[in-house]
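Okay, so here's the structure we're looking at.
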Amino acid sequence: MIANIKETVSSFVEDTTRKLSLAQYVNGVIEEVKKRNKGDEEFHQAVEEVLKSLEPVLDKHPEYIEERILERLVEPERQIMFRVPWVDDNGDIQVNRGYRIQFNSAIGPYKGGLRFHPSVNASIVKFLGFEQIFKNSLTGLPIGGGKGGSDFDPKGKSDREIMRFCQSFMAELQQHIGPDVDVPAGDIGVGGREIGYLFGQYKKLRNANESGVLTGKGLNYGGSLARVEATGYGLIYFVDEMLKEHNHDLRCKKVVISGSGNVAIYAAEKVQELGACVIAMSDSNGYIVDEEGIDVELVKQIKEVERKRIKEYAKRKAGAYYFEGQKGIWSLKCDIALPCATQNDISLEEAKLLVENNVIAIGEGANMPCTNEAVNYLLENNVLLAPAKAANAGGVATSALEMAQNSMRLSWTFEEVDAKLKEIMINIFNASKEAAKEYGSEGNYVVGANIAGFLKVADAMMSQGII
Ligand code: NDP
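Numbering-wise (the working numbering), the sequence shown opens with residue 1 and increments by one.
Set out below in structure tokens:
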């Protein structure tokens, strides 16, 4: 009896000591990242969230520690920063800063969008590039992680100004990318118009019609059907699967969506198609409430066609209201919240409001829209959380399908692409679910997605030696 107790106590002590030293090791890597990347707060946040969830994996696979996989993973393979001079409509010279971060190519060419927004800096690009490694791995397709952009603000610029900026941006970027090297796409502020100008300039400078160099292209020059819809639709396929797993469904659910850009619009379209009712959407100035259900076609007309502000909606739709301010939208009572605008949209304060209002699920359409404190609070309060890496991976997955069509020089129908997208999203959900279960965090899809995404990249890095 006493021998048994001694054995139990000593194995408990051994176990606790091992876990403590694992936590110390992971914290050490995080501290080093903070030291080397001073002030890059968004990047610190993204690294901390991923690395802390990997402790059970390291416990089972000490070889990742021996091979210094974490230390190598947090250091980008290459970072490019460049000057982007351009001439505005008044003939004045403007200068912006361009970025491309080629984070990890263990499983395929770098792949990730370009963001044009005044807030873009090295930290934002690094956090997005880091997240992209795991997201791309989760798709099951052979794509590595990268990201880029500029602090250029497309708002209020004429088409010609946008074109001149894109041409100057690509004049530098072209030497760093290629269909088998690095394949950029859109993100905030970069849609079909910008991709068109970027592609035209690449083609001219390289004298090569390499359609696989960019994704999100127009349908008449190598784009894929369903790419525009893919991130938003994919998000809803994931959320639907997650709800079903927990005996819920989308029918008659009240949904609140932040943002009114590409991801937000197509998430709204799909979720309403599946029987839910979107009661609010926003932009960076304020939000609209329409209890009858948002008219998505009207939002498309205002935001995509006319490029106007979301407040126009309330002027044109009877019974709809507009409120100033970015975050007030999270005080609305809803069953499902879909942050589809930008990072750190939901902090602890908004998470508390959502929980008070009995939210069932959060689907992260944007990248890192919840702070780490908000994520922890939501999970502690049993809110179902579909993490961005997994839930918004439909966009990049469909980009990889666009690359596949470009290589084959043929195109699939909308239905074919949409069916593949749905299958990929269900696979991502299952991979996240299984990994969470295997590593002791059943039902925690944040941890599950991090682990499932990490394993494939780590193993590929192990196979390829120390490079
Ligand atoms: P868009 O530029 O099409 O739309 C962005 C929307 O978010 C706009 O409504 C914009 O408002 C709002 N927004 C942007 N910045 C802020 C801010 N600082 N505060 C409040 N609102 C803001 O971008 P996408 O829809 O493409 O991207 C949205 C999110 O989804 C991003 O986090 C992006 O990284 C992520 N994502 C996008 C993918 C894609 O395929 N496009 C793929 C995976 C993730 P306003 O009009 O006022 O600027």
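Note that beta-carbon positions come from the ideal geometry of N, C-alpha and C, so glycine has one too. All of these numbers come straight from a predicted model, not from anything done at the bench.
7 Å CB neighbourhood of residue i in its chain, flanking five on each side removed
i	result
D240	L250 and L274
K203	N209
K35	none
K308	I302
Anticipated Cβ contact below 8 Å, residue i with residue j, distance rounded
i	j	result
Y197	Q167	6 Å
I143	I107	7 Å
A195	K147	Here residue 195 is Ile; the residue named in the question, Ala, does not match the sequence. 15 Å between Cβ atoms; not a contact.
I310	S331	No, I310 and S331 are not in contact; Cβ-Cβ is about 17 Å, not under 8 Å.
P154	G200	No, P154 and G200 are not in contact; Cβ-Cβ is about 17 Å, not under 8 Å.
G98	V87	16 Å between Cβ atoms; not a contact.
N285	E324	7 Å
I279	D290	6 Å
N357	F134	Contact flag wrong, Cβ pair sits at about 31 Å.
G113	D187	3 Å
I428	F238	7 Å
L298	K327	Actually they do not touch by this definition, with Cβ atoms about 24 Å apart.
E373	L353	So it is not a contact: roughly 14 Å between Cβ atoms.
E245	K433	7 Å
Residue from the options with nearest C-alpha to residue i
i	options	result
D471	G222, L128 and E7	In the structure as shown, the chain begins at 1 and stops at 467. Residue 471 is therefore absent and cannot be evaluated.
M81	G453, A122 and I65	A122
G91	N367, T16 and R164	R164
A314	E292, P85 and G394	E292
C277	F152, A318, K111 and I257	I257
A225	K437, L401, K456 and A458	The sequence as given places Leu at residue 225; Ala does not occur at that position. Cα-wise, what sits closest to L225 is L401.
G145	I265, K300, E77 and L348	E77
S463	S137, Y64 and N207	Y64
S119	F103, P109, F130 and N96	N96
M170	R206, K135 and L141	R206
N104	R115, I124 and S137	S137
N457	F43, I30, R227 and Y110	Before going on, a small fix: residue 457 reads as Val here, not Asn. Closest by alpha carbon: Y110.
F152	E7, Y439, F116 and G178	F116
I467	E31, E67 and K38	E67
N430	L410, G453, V255 and S411	G453
A435	K60, E31 and E373	K60
G149	G191, G448 and K217	G191
R193	K352, E245, G443 and E304	E304
D424	N392, Q24 and L243	In the sequence as displayed, the identity of residue 424 is Ile instead of Asp. Closest by alpha carbon: N392.
Delimiting residues of the alpha helix (DSSP H) encompassing residue i
i	result
P387	First-last for P387: undefined, no H or E at that position.
F152	Element bounds for F152: n/a, residue is neither H nor E.
G192	G192 to R206
E324	First-last for E324: Y321 to E324, but that is the beta strand (DSSP E), not the alpha helix (DSSP H).
N430	F414 to E438
K135	A122 to L138
A397	G394 to M408
A351	L348 to E356
Y221	Careful: Y221 lies outside any alpha helix (DSSP H) and carries neither H nor E.
M170	D159 to L173
L73	I69 to L73
Beta strand (DSSP E) segment containing residue i, residue limits
i	result
M281	C277 to S282
K308	Careful: K308 lies outside any beta strand (DSSP E) and carries neither H nor E.
I336	I336 to P339
I451	Per DSSP, I451 belongs to no beta strand (DSSP E); it is in the alpha helix (DSSP H), Y445 to S463.
L243	Premise fails: L243 lies in the alpha helix (DSSP H), R227 to E245, not in any beta strand (DSSP E).
K111	Y110 to F116
Q94	I93 to N104
S258	K254 to S258
I288	G286 to V289
Q79	R78 to V87
D40	Neither: D40 is in no beta strand (DSSP E) and is coded neither H nor E.
V183	D182 to A185
A318	Premise fails: A318 is in no beta strand (DSSP E) and is neither H nor E.
A361	A361 to G363
Contact set for residue i: own chain, Cβ-Cβ below 6 Å, skip 5 residues either direction
i	result
V74	V33 and V47
L421	A230, G234, G394 and T398
V263	T231, G232, C340 and G365
Contact set for residue i: own chain, Cβ-Cβ below 8 Å, skip 5 residues either direction
i	result
P369	S258, P339, C340, A341, T342, Q343, N344, D345, I346 and A388
S158	D89
E42	S123, I124, K126, F127, Q343, N344 and M368
V26	L51, K52, L54, E55, L58 and L70
V446	E49, S53, V375, L379, L385 and P387
Any C-beta of chain C under 8 Å from that of residue i
i	result
Y445	The displayed structure is made up of one protein chain only, and chain C is not part of it.
Three-pair Cβ contact test at 8 Å for the stretch 231-244 versus the stretch 268-283: Three or more beta-carbon pairs drawn from the stretch 231-244 and the stretch 268-283 are found closer than 8 Å, and the two stretches are therefore classed as touching.
At least three beta-carbon pairs within less than 8 Å, the stretch 214-224 to the stretch 376-384: no
Cβ contact (3+ pairs, closer than 8 Å) linking the stretch 147-163 and the stretch 414-423: Result no; under three Cβ-Cβ pairs closer than 8 Å.
Contact between the stretch 363-371 and the stretch 330-339 (3+ Cβ pairs under 8 Å): yes
Three-pair Cβ contact test at 8 Å for the stretch 204-217 versus the stretch 398-409: yes
Touching by the beta-carbon criterion (3+ pairs, under 8 Å), the stretch 51-63 and the stretch 11-31: yes
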